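What follows is a short report on a single structure.
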Amino acid sequence: MKLASLLTEDSICFGKSYRSMEEAVRELLGALKKTHRLKLPLEEVVTAVMQREALGGTAFPTGIAVPHARLDNFPDLLIGVCVPQTPIHTQNQSVKLVVLMLTSKTETTLYLNALASFLKLSQDAVLFEKLIGCGTPAAFIRVLQDASVEVKKEITVQAIMSASFPYLVQTDTVKRAADLFYKHSTSYLPVLSPEGNLIGELTVLDLFRIGLPDYVFKLGNLKFLKTLEPFEELLRKEEVMTVAEVMKKPSLYLEEDSSIIEAVHKFVSSNRRHLPVVKGGKIVGILSYMHILHKVLRA
Numbered sequence: 021m022k023l024a025s026l027l028t029e030d031s032i033c034f035g036k037s038y039r040s041m042e043e044a045v046r047e048l049l050g051a052l053k054k055t056h057r058l059k060l061p062l063e064e065v066v067t068a069v070m071q072r073e074a075l076g077g078t079a080f081p082t083g084i085a086v087p088h089a090r091l092d093n094f095p096d097l098l099i100g101v102c103v104p105q106t107p108i109h110t111q112n113q114s115v116k117l118v119v120l121m122l123t124s125k126t127e128t129t130l131y132l133n134a135l136a137s138f139l140k141l142s143q144d145a146v147l148f149e150k151l152i153g154c155g156t157p158a159a160f161i162r163v164l165q166d167a168s169v170e171v172k173k174e175i176t177v178q179a180i181m182s183a184s185f186p187y188l189v190q191t192d193t194v195k196r197a198a199d200l201f202y203k204h205s206t207s208y209l210p211v212l213s214p215e216g217n218l219i220g221e222l223t224v225l226d227l228f229r230i231g232l233p234d235y236v237f238k239l240g241n242l243k244f245l246k247t248l249e250p251f252e253e254l255l256r257k258e259e260v261m262t263v264a265e266v267m268k269k270p271s272l273y274l275e276e277d278s279s280i281i282e283a284v285h286k287f288v289s290s291n292r293r294h295l296p297v298v299k300g301g302k303i304v305g306i307l308s309y310m311h312i313l314h315k316v317l318r319a
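This is the structure we're talking about:
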């Protein structure tokens, strides 16, 4: 399915200024109500959209914002687009393109894939600038058609994973690993070969284990350990110990076309927080269980 097929000229707005995201949302809802005979009370929908806005995470550094709502008794996916005359400042982002999406609480696949397609096109700087510079709804749809932006029929982990991520090599020190964990606020790092193949993985818990002597795991009560002496061992070793000495071999992974349900099953059954996504032995992304919360359950 082409992304352009989900839009109509009457649901695309150009050339107006908005003091807030709510003003843009109201403008688009008015257009959708006229063109699609939206039966739900306008204020009810505005409230649903703005409640989701209050949670954050709908505006992106690329300049796109996707306010949205999942509605009861709403068997459709409606999309409205507006290009404000001047950017809307919200959630610490400068928004040049607003895409309002309304969908049901039960239909997820088409909505998430359409959302993923809009986010992906916003990462194409040339296409994005061409779209916001179109000037008319007809030109906007024509640019989308010419770009052949697709909406997949199925939802896979590729749509919600992080395609850019920090990583380690075997010769890195434990200190570098700790620094990367801290800098990127993550608890998981893949270890790659010079060819980019996934050969290991390291977690913050693996670092903690370096500082804990074997006898600690045999004791039932550790209340007597009032100092951080075990961690002093970690601090002494971190600049000389290499990742190769402490990493684990990859035990679980996903592929780009793995389903979300498969990913959830692996997270739950293994008690993991992160899983690498591989293609032909090479890592192409990282999936966190928080991606599923943010991009599926609260998308």
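Convert by adding 20 to the 1-based position in the sequence shown; the result is the number in our numbering. Quick reminder that beta carbons are idealized off the backbone N, C-alpha and C, glycines included. Model, not experiment: these values are computed from the prediction.
So what does DSSP say about residue i, is it helix, strand or coil?
| i | result |
| --- | --- |
| V65 | helix |
| N217 | strand |
| V260 | coil |
| P296 | strand |
| T28 | coil |
| A74 | helix |
| K22 | strand |
| G35 | coil |
| A183 | coil |
| K54 | helix |
| V101 | strand |
| Q190 | coil |
| F244 | Low per-residue confidence applies at F244: pLDDT is 49, beneath 50, and the placement is therefore not dependable, though the value from the model is reported in the following sentence. Coil. |
| I161 | helix |
| I175 | coil |
In terms of alpha-carbon separation, which member of the options lies closest to residue i?
| i | options | result |
| --- | --- | --- |
| G305 | C33, G50 and Y187 | Y187 |
| K59 | H88, E43, G77 and L122 | L122 |
| P95 | A159, F160, Y202 and H56 | H56 |
| E265 | L222, I280 and D277 | L222 |
| Y309 | K150, K286 and V298 | K286 |
| L317 | E252, A167, G83 and K125 | K125 |
| S205 | S137, T262, V224 and L141 | V224 |
| E276 | V297, N291 and A44 | V297 |
| H311 | R39, M181 and V146 | M181 |
| G155 | S142, L52 and P104 | P104 |
| S137 | S184, I230, E170 and K36 | E170 |
| R196 | P214, K140, K116 and L255 | L255 |
First and last residue of the beta strand (DSSP E) that includes residue i?
| i | result |
| --- | --- |
| S168 | Unbroken run through S168: none, as it is neither H nor E. |
| M121 | L117 to S124 |
| V304 | K302 to S308 |
| H227 | The amino acid at residue 227 is misidentified as His; the sequence shows Leu. Looking at the DSSP string, L227 is not in any beta strand (DSSP E); the run it does join, the alpha helix (DSSP H), is V224 to I230. |
| R318 | Premise fails: R318 is in no beta strand (DSSP E) and is neither H nor E. |
| L272 | First-last for L272: undefined, no H or E at that position. |
| A89 | H88 to L91 |
| T110 | I108 to T110 |
Rounded C-beta distance between residue i and residue j? I'm assuming under 8 Å.
| i | j | result |
| --- | --- | --- |
| A179 | E258 | No, A179 and E258 are not in contact; Cβ-Cβ is about 37 Å, not under 8 Å. |
| K268 | G220 | 6 Å |
| Q113 | A68 | Wrong, their Cβ atoms sit about 21 Å apart, outside the cutoff. |
| L23 | V65 | Actually they do not touch by this definition, with Cβ atoms about 23 Å apart. |
| I84 | N133 | The pair is not a contact, with the Cβ atoms about 16 Å apart (cut-off 8 Å). |
| A167 | E29 | Wrong, their Cβ atoms sit about 17 Å apart, outside the cutoff. |
| I152 | L200 | With a Cβ gap of about 35 Å, I152 and L200 do not count as contacting. |
Residue i lies in the alpha helix (DSSP H); which residues open and close that run?
| i | result |
| --- | --- |
| V211 | No alpha helix (DSSP H) holds V211; the beta strand (DSSP E) holding it covers Y208 to L212. |
| G153 | Taken as a continuous stretch (DSSP letters only), G153 belongs to no alpha helix (DSSP H), as it is neither H nor E. |
| H285 | I280 to S290 |
| L141 | T129 to S142 |
Report yes if the C-beta distance between residue i and residue j is below 8 Å; otherwise report no.
| i | j | result |
| --- | --- | --- |
| I99 | L26 | yes |
| V177 | S289 | no |
| L97 | Y131 | yes |
| V101 | F160 | yes |
| Y208 | H294 | yes |
| E73 | P61 | no |
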